[in-house]
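Residue numbers (this note's numbering): 1 to 610.
For glycine and all other residues, C-beta sits at the position ideal for the given N, C-alpha and C.
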Amino acid sequence: MRLYLPLFLFILFFADLAQGQTFKQYVKAADEEFNDKNYYSAMKHYQEAMLIEGELTEVLYKYAEAARLFESYTFADTAYTKVIAADSSGKYPLSKFWLATVMKKQGKYEQAQQYFLQFSNEKGALFAENQAIAKQEIEALNWAIKTIKKPDENVIVKHLDDDINTAWSEFAPQMKGKDLYYSSLSEQREFKKGEAARQYAVVMMAKDAKGKGKKLKLNDGNRHTAHADFTKNNQRIYYCLCDYVGTKTDVRCEIFTRTIGDNEEFGPAVKLPANINMPGYTITDPMVSYDEKTKQDWLFFVSDRPGGLGKLDIWSVKISGDSTYSEPVNEIALNTIENDVTPFFHHQSKTMYLASDGRQGFGGYDLYKADLNEQGWHDIEHLPAPFNSSYNDTHFWLNDTRTKGYFSSSRLGSFVLEPEFEACCNDLYEFTIQIVDLNVFTFNRKNSEPLNGVTLQLFELGKEGEIPLTNTTNPNGNDFTFPLKKGVKYVMLATRPGFLPIKENIDLTVPINERSIERKLYLVPENVDLHVESFNKKNGNPLKGVEVRLVVNGQEVDFKKNEQGNIVDFVLERGKEYQLIGSKVAYFPILPPLTCEQISPLPTLQRSCT
């Protein structure tokens, strides 16, 4: 199995043979390169051989296989089609199966379905494993044909320019602050004289997510360096160092960590222990997540180590405070019998995003998400277009408010080394989710004056309840602005010392054409001003000098008397039941009990005492 560094590591070196080589020599060289998994060079030499002897079916089939494995689907499509037309003896019975496969990769779903059906009817009985796959694909393509036509219209995808993307592969994007970190396979190195130079991965950073990326100082001059991820407190970085396995294009990775100093200086590289970096297996795609409940970091990674469910599986370990690690646990609910890779856990929404080629999808690796609750991972969903395409889509990253992010893809439009092959490589894509700006203004309900110092919490209403998105305080103003996604329900919670909390729902699942919406929140003071006026019931005239007592549970808590007038004021606490008693010589008091909750939301109450 080919273990790619970014999952799709094409090592494009071409061993150019001397002039005057024979047909057999070109085929021999191509066969050797094919066995070494250098499919690019194999394609080139099969081409040279066919220029000498013509498109012999045997060589054409080998060329088609190399093109398919190199993911040059257009050329593989053409070559397999020619093989099928020329193969009257049935020497290449899997041609229609593989043609259907590359057609699906190109998004030619109806044609792919036809060829899977033809293979199943004609040759399926001879190839049990391929037959089972073909039958699954026929059914799955019905779903793909319908689903790919229903993209999320609120999502806008943008291909990053050539300041960041190169003709090689870019992958593993993430934002830290305002800066974009990513890995790039753009470094070329020649270690031994006479050997072809090879591509190596390096970790890059683009300041403010624009302009030319710069290499981080942690890059190793002799090994691939990739898949950098940071702890929440920015005190530690995790990343991979990888090596080619012999002369082949296989890559085997290990995970390392470094501390991060005050000036963004990296400490020495520390290799994670052998219970994680199991010798003889690849350990890649590190992703660190913080558990708010336990206040601990978790490390997710990908490996083909024993004990997994499939080829490449997602695993996890708990990181203790002293940087020790628990035993790895296979995240069975996330994995399939194929490859499940590039985990990204969005801790605000408790959602895992991953790529897989073992689930129903559009073709190649597709992106999926799974929710986490106390019972574990559940509700694994396929992300719609334009996140997913018929090509490889991996390395998903999403910001805290779930309005912007990045992913890596080999879809059409990505930069390529040689345009005629339409293959290699993965590029970075930015996506934004069309938003509605929510403008919030806070006021004092008592006097309708602007209220500063309010804290607003914003939650998204998900399947498992309220998902916290942001928590912000405006100490010097009463205005807030939040970007919200269409098609989502939200809840706002406004709090301030001395005032009652207030909640308000925002429903954006209903059609909305405005670019911004406005909400005014009036916070009610915790205390209630009670205004008491006393009158003579016989003639209705104001009555001076009335003694007014405030009583709770039979105990007097306040007393007021106005010798010059008939008005006294009290401050009441909400949630209590009060009794007012007015007394004056030669008068009878009359006033029922008073419950503060009866007066909400009005902050001032007038009562007459006779």
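Among the options, nearest to residue i - alpha-carbon criterion
i	options	result
ASP152	GLU374, GLY487, THR394, ILE314	GLY487
HIS346	SER289, TYR429, PHE559, TRP298	SER289
GLY413	GLY267, PRO497, ASP162	ASP162
SER583	SER184, LEU543, PHE116, GLN564	LEU543
GLN136	ASN154, THR101, LEU383, LEU428	THR101
GLY361	HIS378, ASP340, GLY376	ASP340
TYR244	PRO468, ASP357, ASP36, GLN457	ASP36
THR294	SER410, ASN562, GLY321, ASP304	GLY321
GLU547	LYS561, LYS538, ASN536	LYS561
ASN388	LEU550, THR147, PRO511	THR147
ARG574	GLU556, VAL524, PHE559, HIS531	VAL524
GLU563	GLU533, HIS227, ASN539	GLU533
ASP297	GLY280, ALA49, MET287	MET287
GLY90	LEU438, LEU309, GLU122, VAL571	GLU122
ASN452	LYS463, LYS446, GLY477, SER183	GLY477
ARG252	LYS538, GLY280, PRO268	GLY280
GLN113	LYS96, GLY376, ALA206	LYS96
Identified DSSP bridge partners for residue i
i	result
ARG198	ARG189
PRO450	PHE443
LEU458	THR470, MET492
PRO276	For the record, residue 276 in the displayed sequence is Ile; it is not Pro. ILE276 is not bridged to any residue.
MET287	PHE300
ILE517	LEU438
LYS404	THR432
ASP371	THR351, HIS378
TYR325	ILE319
SER409	ASP393, ASP427
THR481	ASN439
GLN174	TYR181
VAL551	GLU556, GLN579
TYR244	VAL251
GLY465	GLY462
Limits of the unbroken alpha helix (DSSP H) element including residue i
i	result
THR81	73–86
SER349	It is not in any alpha helix (DSSP H) - SER349 carries neither H nor E in the DSSP assignment.
ARG68	57–69
ILE138	128–147
ILE52	39–53
ASP99	Correcting the residue type first, residue 99 is Leu in the shown sequence and not Asp. Here the alpha helix (DSSP H) through LEU99 covers 95–105.
GLN360	Segment: none, GLN360 is in no alpha helix (DSSP H) and carries neither H nor E.
ASN121	109–122
For residue j and residue i, the rounded distance between their alpha carbons
i	j	result
ILE164	ASN392	19 Å
THR432	LYS485	10 Å
LEU272	TYR239	10 Å
ASN330	GLU254	17 Å
ALA201	PRO343	19 Å
LYS150	TRP143	11 Å
THR352	TYR92	Looking at the sequence provided, one finds Met at residue 352 rather than Thr. Whole-angstrom Cα-Cα distance: 42 Å.
GLU65	LEU99	10 Å
PRO468	THR495	15 Å
ASN505	LEU461	9 Å
GLU32	ASP427	30 Å
GLN623	TYR587	Residue numbering for the chain in the displayed model covers 1 to 610; residue 623 lies beyond these limits and cannot be assessed.
GLY545	VAL568	10 Å
TYR63	SER88	19 Å
PHE535	ASN541	6 Å
THR259	GLU526	48 Å
ASP229	SER303	17 Å
LEU60	ALA140	30 Å
LEU12	ASN38	In this prediction, LEU12 has a pLDDT of 48, which is less than 50 and means its spatial position is unreliable; what the coordinates show is noted afterwards. LEU12 and ASN38: Cα-Cα distance of roughly 7 Å.
GLN348	PHE301	20 Å
GLN606	THR481	Residue confidence for GLN606 is low, a pLDDT of 47 falling below 50, so the modelled location carries little weight and cannot support an answer.
LYS176	LEU185	21 Å
PHE171	HIS227	8 Å
LEU493	ASN439	14 Å
LEU602	TYR522	For LEU602, the predicted structure reports a pLDDT of 40, less than 50, and the residue's modelled location is therefore unreliable. A value from the coordinates is still provided. If I take the Cα positions, the gap works out to 11 Å.
LEU218	VAL203	8 Å
Bounding residues of the beta strand (DSSP E) (the contiguous stretch that carries residue i)
i	result
ALA226	224–230
GLN235	Here GLN235 belongs to no beta strand (DSSP E), and DSSP marks it neither H nor E.
ASP313	313–319
ASP31	Here ASP31 belongs to no beta strand (DSSP E); instead the alpha helix (DSSP H) covers 23–35.
VAL251	251–259
GLU504	502–507
LYS158	155–159
With three or more C-beta pairs closer than 8 Å as the rule, is the region 75–86 touching the region 53–67?
Segments in contact, yes.
Check whether the region 368–382 touches the region 470–479, counting contact only when three or more Cβ pairs, one atom from each stretch, lie closer than 8 Å.
no
Is the region 366–377 touching the region 305–319 in the sense that three or more CB pairs, one from each, lie closer than 8 Å?
no
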